[in-house]
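The working numbering numbers the first residue of the sequence shown as -13 and each following residue consecutively. Idealized CB from N, CA, C, for every residue including glycine.
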Amino acid sequence: MPLAAATLAQLDRVILGKAEQVRLSLACLLAGGHLLLEDVPGVGKTTLAQAIAASLGLHFSRMQFTSDLLPADLLGVSIYEPAQREFRFHEGPIFTQLLLADEINRATPKTQSALLEAMEERQVSEGGTSRALPSPFFVIATQNPASQLGTFALPESQLDRFLMTVSLGYPDPRAERELLLAGGRRDAARQLSAVLMPKALLAAQQAAAAVYVSGALADYVLALVTASRLHPDVQTGLSPRAALGLLSAARAWAWLAGRQHALPEDVRAVFGSVAAHRLLGRSSGAASPAVAAQLLATVAIP
């Protein structure tokens, strides 16, 4: 617990004025999920990913997604070596502990889908061989608004692979003034020392997964999920995988608060980030944070 608090404090010193978003990001990783950062360019998404990797002592790789990026550029490729008379697999940048998939929706759907098996199965298949990815393995992807030029909307199946979406937004005036005077925070993110090493992080994940969930809290999650499926403005409600992810995220949020049992407040704290990108509207088809807030307002707390 003290190490978790120290990690949050260190991240807060780099990502100014975004304590809730930082806590949600760390809870997502503690729950073993992947994180999608949605926002306009220049608000600190890359800096947050670098700061998390440095604070957790994780090997970090960054991949810039572009329209000409091929799956092999991400996963790796087998190249024939005449001297050995055999093919040798050359690992791509996905063979890391924390991968920053920068501007993921600028890549074509074929390249986006190359992430699916890795995110779900923690392995890569190439040439008929499955190769395990390092442990822990996290994907933090950034996404630009769909209204910007050169973007390809993520399919629902890939959106569902992300446990949470978080939007940093613009900093408040005080934080932005401090940022201007300091000249930015990217260099500070690179120079952070590790507070929680990978082995300790894996132990923290196990501890978070062991947080107690009562039957009443499970009923509350079920009520939220059922309400999402019956909502008149929602085309596709929350799936059983989303319900399981919601409980995992609530457990991690409770663990960060120093508790061994989850409360309805923990579910409510993470619900918007877990649910919004999975709730597709009947008319626009866009993710709807407003519907997530409406579900929280109408479903009674046990």
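query: In the DSSP output, what is Ile65 paired with across the bridge?; result: Arg74
query: Between the Cα of Cys14 and those of Pro(-12), Asp219 and Leu230, spot the shortest distance and give me the residue it belongs to.; result: Leu230
query: If you follow the alpha helix (DSSP H) that Thr97 is in, where does it begin and where does it stop?; result: Pro95 to Glu107
query: How would you call Val260, buried or exposed, if buried means at least 16 neighbouring beta carbons within 10 angstroms?; result: buried
query: By DSSP, does Gly258 sit in helix, in strand, or in coil?; result: helix
query: Classify Ser214 as helix, strand or coil using the three-state DSSP reduction.; result: helix
query: Classify Ala262 as buried or exposed, calling it buried when 16 or more other Cβ atoms lie within 10 Å of its own Cβ.; result: buried
query: Run the CB neighbour count on Leu(-11), radius 10 Å, all protein chains shown included, and call it buried at 16 or more, exposed below.; result: exposed
query: I need the straight-line Cα distance from Ser214 to Val277, nearest angstrom please.; result: 8 Å
query: Run the CB neighbour count on Arg74, radius 10 Å, all protein chains shown included, and call it buried at 16 or more, exposed below.; result: exposed
query: Is there contact between the segment 58 to 65 and the segment 196 to 211, where contact requires at least three CB pairs shorter than 8 Å?; result: no
query: For Ser143, list the residues DSSP reports as bridge partners.; result: None, per the DSSP bridge assignment.
query: Measure how close the beta-carbons of Ala189 and Phe138 come, nearest whole angstrom, since I'm counting them as under 8 Å.; result: Their Cβ separation, rounded to whole angstroms, is 38 Å, which puts Ala189 and Phe138 out of contact at 8 Å.
query: Between the Cα of Gly19 and those of Glu162, Leu266, Ala236 and Arg245, spot the shortest distance and give me the residue it belongs to.; result: Ala236
query: Using beta-carbon positions only, say whether Arg147 and Glu106 come within less than 8 Å of one another.; result: yes
query: Taking 8 Å as the cut-off, decide whether the C-beta atoms of Ala17 and Leu178 are in contact.; result: no
query: Mapping the DSSP letters down to three states, classify Thr151 as helix, strand or coil.; result: strand
query: Start and end of the alpha helix (DSSP H) containing Arg245?; result: Note, Arg245: premise wrong, no alpha helix (DSSP H); not H, not E.
query: Would you be able to state if there are at least three C-beta pairs under 8 Å between the segment 18 to 32 and the segment 207 to 225?; result: no
query: For Val125, which residues of its own chain have a beta-carbon under 7 Å away from its beta-carbon, when the five flanking residues on both sides are left out?; result: His20, Leu85, Ala87, Leu101 and Met105
query: When we look at the beta-carbon of Lys4 and count the other beta-carbons within 10 Å, is it buried (16 or more) or exposed?; result: buried
query: So what does DSSP say about Ala87, is it helix, strand or coil?; result: strand
query: For Thr151, count neighbouring C-beta atoms within 10 Å of its own C-beta (all shown protein chains included) and say buried if the count is 16 or more, exposed if not.; result: buried
query: Name the two residues that bound the continuous beta strand (DSSP E) containing Ala127.; result: Phe124 to Gln129
query: Please look up how many angstroms separate the CB atoms of Gly78 and Met183, rounded, as I've assumed it's under 8 Å.; result: The Cβ separation is near 25 Å, so there is no contact.
query: Which residue or residues does DSSP assign as beta-bridge partners of Phe138?; result: Partner(s): none; Phe138 has no beta bridge.
query: Among Phe81, Leu55 and Val207, which residue has its Cα nearest to the Cα of Asn91?; result: Leu55
query: Could you tell me the alpha carbon to alpha carbon distance between Leu140 and Ala69, rounded to whole angstroms?; result: 42 Å
query: Relative to the alpha-carbon of Ala1, which residue among Gln83, Ala35 and Ala(-9) has its alpha-carbon at the smallest distance?; result: In the sequence as displayed, the identity of residue 1 is Ile instead of Ala. Among Gln83, Ala35 and Ala(-9), the Cα nearest to that of Ile1 is on Ala35.
query: Should Ala238 and His247 be called a contact, given that it needs their Cβ atoms to be closer than 8 Å?; result: no
query: Could you check how far apart the C-beta atoms of Pro157 and Leu167 are, in whole angstroms? I think they sit under 8 Å.; result: Pro157 to Leu167, Cβ: 13 Å. No contact.
query: Quick test of your reading: Leu12 and Thr33, contact by CB under 8 Å. State the CB separation rounded to the nearest angstrom.; result: Leu12 to Thr33, Cβ: 15 Å. No contact.
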